[in-house]
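Numbering (this note's numbering), first residue to last: 28 to 697.
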Amino acid sequence: MTSGTQTSPRVVALVGPYSSGKTTLLENILFMTNTTRRRTNGERVFADDSIEAKMLSMGVDINVAEAEYLGDRYIFVDCPGSIELLQEMRNAVHAVDVAVVVAEPEPDKIQALSPLLHELEADDIPHLLFINKIDHSNVHIRDLAAALDEVSALPCVLRHVPIRDEGQISGFVDLASRRAYRYGTDGSREITKTADSFVEQVKDDRFEMMERLADFHDDLMEELLDDIDPSSEEIFHDLATDLRAGNIMPVLMGSALNSYGIRRLMKALRHEMPDFGMAAERMMPTKAGDAAAYILKTKYVPHMGKLSFARVIKGGLSDGTSVGDARISGLFSINGPELKKCTKAQAGDLVAIARLEGAGTGDTIGGTGAPRPERLPAVYAQSIEVPDRKDEAKLSEALTKLLEEDPSFEVEHREDTGQLLLWGQGEIHMRTARSRLTDKYGVNVRFSFPRIPYKETIRKARIQHSRYKKQSGGHGQFGDVVIEVKPRELGQGFEFEEKIHGGSIPKQYITSVEAGVKDYLKQGPLGFPVVDVSVTLKDGQAHSVDSSDMAFKMAGRMAMADALPGCEPVLLEPIEHVRVMAPSPHMAKINAMITTRRGQIMGFDARTGWPGWDVIDAQMPASEMQDLIIELRSVTQGTGTFEHRFDHLNEVAGRLKDDVLSGRVAERRH
Ligand SMILES: Nc1nc2c(ncn2[C@@H]2O[C@H](COP(=O)(O)OP(=O)(O)OP(=O)(O)O)[C@@H](O)[C@H]2O)c(=O)[nH]1
Ligand SMILES: [Mg+2]
């Protein structure tokens with residue numbers, strides 16, 4: 028980079044559940060470091076100001092901002108908190124040196140951290156936790172710590188305990204330094220003083236902190252066993268080593284809004300966060316060129332076009348050169364919505380590259396075999412259509428951009444229903460898509476629940492003789508066929524055979540009959556595609572002048588139309604195999620939910636690699652799954668998720684069948 032020092036910046040992700048105060052924390056770090064002006068009355072100087080974010084009043088994109096603190100450069104990547112936007116965080120944390128998990132001080136809300144913490148643990152990203160909003164909390168810190176232990180695979184090391192004056196939190200004791208800090212009344216300062224009386228009160232907490240560290244440090248263990256009080260330096264040193272090694276999750280506290288504890292947080296980052304080496308190793312392609320960079324975010328910005336937020340893994344980027352096949356035509360440092368042109372970026376820098384062709388979010392340029400963050404399984408679909416056919420090309424272009432920006436969307440063209448489906452993570456995620464497609468890319472697009480791809484089959488066999496005949500002066504049309512239609516077992520598919528003897532139908536017309544039969548199968552007597560039938564052409568007649576391909580195709584079709592209503596048609600619905608995953612305490616509710624949705628439970632197990640989580644395998648009708656994720660999240664504090672795939676078709680009978688058929692009739696009348 029052209030500005031500032033030559034050392035690479037320290038990159039910190041701010042992650043945490045929805046509305047826990049990540050953006051407020053970032054804003055206040057920026058004020059504290061004199062990067063931006065102080066806010067006035069409720070104004071948000073730094074916030075996600077995209078139309079989608081305003082509409083949903085939540086962060087929907089990452090915010091990136093740079094600050095200088097005590098001579099070091101920091102780049103913060105503030106991630107949106109909604110669980111439906113988890114992919115955004117997953118892509119970002121892959122590139123950072125450390126993550127600060129911002130959480131609210133309510134034991135009930137701690138479980139919502141579980142998927143986030145697992146993300147960080149799975150990708151080996153060192154992380155610490157900042158308990159925010161401590162200003163208006165009466166929480167008992169031990170309850171909170173116990174709740175944290177439940178959701179974190181790493182031991183939580185509580186580093187601060189609050190000091191209360193008349194029920195209000197007025198400061199905290201730093202258990203490592205044994206100092207008490209009073210939160211300043213002007214909201215910007217922390218006044219320190221050593222107070223033995225406070226320290227005395229928190230002796231047990233300090234001992235517990237040291238015990239947890241001692242699991243990784245024999246020296247410390249010996250000191251504790253010999254009743255020797257270790258020095259602050261030793262504890263700080265061990266804390267730093269353990270954060271870097273991913274042994275522990277340190278826990279700090281404060282209030283982003285009131286600037287409480289922010290200086291302590293910055294100091295902890297300054298002294299304890301890992302350097303760039305670990306992130307570089309995580310992102311490095313197996314075969315890297317001279318320079319390589321990982322793209323944590325692709326964004327289409329009005330007036331600028333495509334921007335790729337990239338962290339340089341090795342080598343340097345410079346304007347006008349190429350990295351692998353990718354041409355760098357414009358480099359910018361990022362400060363919130365402001366971009367400043369720069370000419371170079373070196374390993375460790377996080378910059379925006381302009382108009383980078385052929386690479387999207389999660390890709391790495393300048394190498395092959397780079398690890399990439401996994402895509403979240405799609406759990407919620409909407410059918411999208413443009414009322415005006417003229418907009419089709421525009422829609423397809425906009426969808427390409429949407430998918431480049433956010434790999435947790437998927438597009439599926441369903442042949443059986445003829446619909447174009449957009450798959451994503453839930454209602455909120457879908458609303459961001461709608462807003463992007465309509466407001467940002469100007470496509471007039473309609474969203475609705477997808478049609479269920481019902482099918483039909485038959486239960487009875489039948490022999491049918493049908494004749495297609497037309498005499499309209501000159502050339503006529505003549506095709507005569509005898510077919511036998513038989514049901515096949517579910518899942519066996521369609522089969523066509525011919526058993527014509529003595530050439531009653533000339534060979535060349537047999538394929539025409541088959542084409543006519545297949546054409547009919549697209550919509551059977553109940554209005555749905557017909558599956559799992561066998562049709563045998565047994566006999567027929569041809570006319571030397573009037574017979575033609577067309578006439579036999581029509582005859583084949585006609586014979587099917589005549590035969591099938593008499594073959595006891597039955598309605599089939601798609602059944603999906605679902606794996607529902609959630610923390611164990613929610614399993615009883617999930618069982619009930621599956622049963623209410625006509626699901627059948629097939630198995631139950633602990634979730635591998637996820638302590639405290641279980642998995643239920645079930646089969647469930649697709650029609651019951653369209654809003655499954657919404658209910659699942661509401662009964663699991665937002666933590667539950669599922670994977671699914673088509674399994675088989677199953678007969679629908681009774682009232683349900685009538686409902687489907689009447690719905691279908693109504694739909695066709697449109
Ligand atoms: N009382 C109190 N409120 C806070 C504190 N920090 C943030 N808030 C409030 O919490 C709300 C959410 O804050 P944000 O900073 O937007 O939260 P976020 O984590 O960025 O939210 P998303 O990006 O939507 O997930 C706002 O109304 C803040 O004013 C705090 O320390 N104390
Ligand atoms: Mg935010």
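Just so it is clear, CB atoms sit at the ideal spot from N, CA and C, and this is done for glycine as well.
So which of the options has the shortest CA-CA distance to residue i?
i: SER462; options: ARG478, GLU483, ALA425 and TYR481; result: ALA425
i: GLN155; options: GLU227, ALA40, ALA174 and LEU57; result: What sits at residue 155 in the sequence shown is Leu, not Gln. The shortest Cα separation from LEU155 among GLU227, ALA40, ALA174 and LEU57 belongs to ALA40.
i: ASP105; options: ILE361, GLU133, THR459 and GLU261; result: ILE361
i: ALA295; options: PRO477, VAL125, PHE631 and CYS183; result: VAL125
i: THR623; options: PHE631, GLY639, ARG634 and GLN646; result: GLN646
i: THR395; options: PRO312, LEU553 and GLU93; result: PRO312
i: ASP589; options: GLN498, SER493, ALA272 and ARG402; result: SER493
i: LEU464; options: GLN498, ILE490, PRO477 and ASP418; result: ASP418
i: PHE335; options: ASP390, LYS616, GLU678 and THR427; result: The question names Phe, but residue 335 is Ser in the sequence shown. Taking only the C-alpha atoms, the option nearest SER335 is ASP390.
i: MET116; options: ARG660, LEU429, VAL607 and GLU401; result: GLU401
i: VAL572; options: VAL406, ASN118, PRO398 and GLN498; result: GLN498
i: PRO329; options: ALA283, TYR468 and ASN677; result: TYR468
i: HIS187; options: ALA174, ASP201, GLN491 and THR635; result: ASP201
i: VAL662; options: LEU683, LEU564, PRO612 and THR635; result: PRO612
i: SER259; options: MET305, LEU292 and ALA203; result: ALA203
i: SER47; options: ASP415, VAL642, VAL127 and ASN118; result: VAL127
i: LEU358; options: GLU238, ALA379 and LEU591; result: ALA379
i: ARG354; options: GLY393, GLY626, GLU193 and LEU377; result: GLY393
i: GLU524; options: ALA122, PHE58, ALA542 and LEU564; result: LEU564
Can you give the Cα-Cα distance for residue i and residue j, rounded to whole angstroms?
i: THR484; j: MET620; result: 30 angstroms
i: GLY211; j: SER197; result: 9 angstroms
i: TYR101; j: VAL38; result: 6 angstroms
i: GLU95; j: ASN61; result: 8 angstroms
i: PRO434; j: PRO638; result: 27 angstroms
i: SER475; j: LEU422; result: 16 angstroms
i: ARG584; j: VAL544; result: 5 angstroms
i: CYS594; j: ASP686; result: 21 angstroms
i: LEU430; j: LEU266; result: 41 angstroms
i: VAL562; j: GLY681; result: 28 angstroms
i: ILE152; j: GLY273; result: 7 angstroms
i: LEU147; j: LEU323; result: 15 angstroms
i: GLY385; j: VAL512; result: 52 angstroms
i: LEU383; j: PRO648; result: 43 angstroms
i: ASP170; j: MET236; result: 15 angstroms
i: GLU365; j: TYR287; result: 27 angstroms
i: ARG191; j: GLY387; result: 50 angstroms
i: ASP88; j: ALA119; result: 11 angstroms
Compute the beta-carbon to beta-carbon distance between residue i and residue j, rounded to the nearest angstrom, for a pair I have assumed lies under 8 angstroms.
i: LEU548; j: VAL557; result: 4 angstroms
i: GLY343; j: ALA381; result: So it is not a contact: roughly 17 angstroms between Cβ atoms.
i: GLN409; j: MET457; result: 5 angstroms
i: ILE602; j: HIS675; result: 5 angstroms
i: PHE436; j: ALA460; result: 6 angstroms
i: SER282; j: ASP162; result: 4 angstroms
i: SER109; j: TYR45; result: 5 angstroms
According to DSSP, is residue i helix, strand or coil?
i: LYS549; result: coil
i: HIS773; result: Given a span of 28 to 697 for the chain in the structure shown, any question on residue 773 remains unanswerable.
i: MET6; result: Since the first residue shown for the chain is 28 and the last is 697, residue 6 is missing from the structure and cannot be characterised.
i: SER661; result: helix
i: ASN61; result: coil
i: VAL406; result: coil
i: LYS482; result: strand
i: ALA319; result: strand
i: PHE359; result: strand
i: VAL413; result: coil
i: VAL562; result: strand
i: GLN535; result: helix
i: GLU419; result: helix
i: ASP105; result: strand
i: LEU202; result: coil
i: ASN90; result: strand
i: ILE144; result: Per the sequence shown, residue 144 should be read as Leu rather than Ile. Looking at LEU144 - three-state DSSP - the assignment turns out to be helix.
i: ALA569; result: coil
Between residue i and chain B, is any beta-carbon pair separated by less than 7 angstroms?
i: PRO107; result: Among the protein chains of the structure shown there is no chain B, as only one such chain exists.
Does the pairing of the region 521 to 536 with the region 563 to 571 give three or more beta-carbon distances under 8 angstroms?
With a cut-off of 8 angstroms, the region 563 to 571 and the region 521 to 536 count as touching, because enough Cβ pairs lie within range.
The region 301 to 308 contacting the region 168 to 184, beta-carbon criterion three pairs below 8 angstroms:
Cβ pair count under 8 angstroms is below three, so no.
Counting beta carbon pairs with one atom in the region 235 to 253 and one in the region 179 to 194, are three or more of them shorter than 8 angstroms?
Yes, the region 179 to 194 touches the region 235 to 253.
So, does the region 151 to 165 touch the region 270 to 286, judging by three or more C-beta pairs under 8 angstroms?
Counting Cβ pairs under 8 angstroms, three or more are found: they touch.
Check whether the region 604 to 619 touches the region 659 to 677, counting contact only when three or more Cβ pairs, one atom from each stretch, lie closer than 8 angstroms.
As far as the Cβ criterion goes, the region 604 to 619 touches the region 659 to 677, which means the pair count is three or higher.
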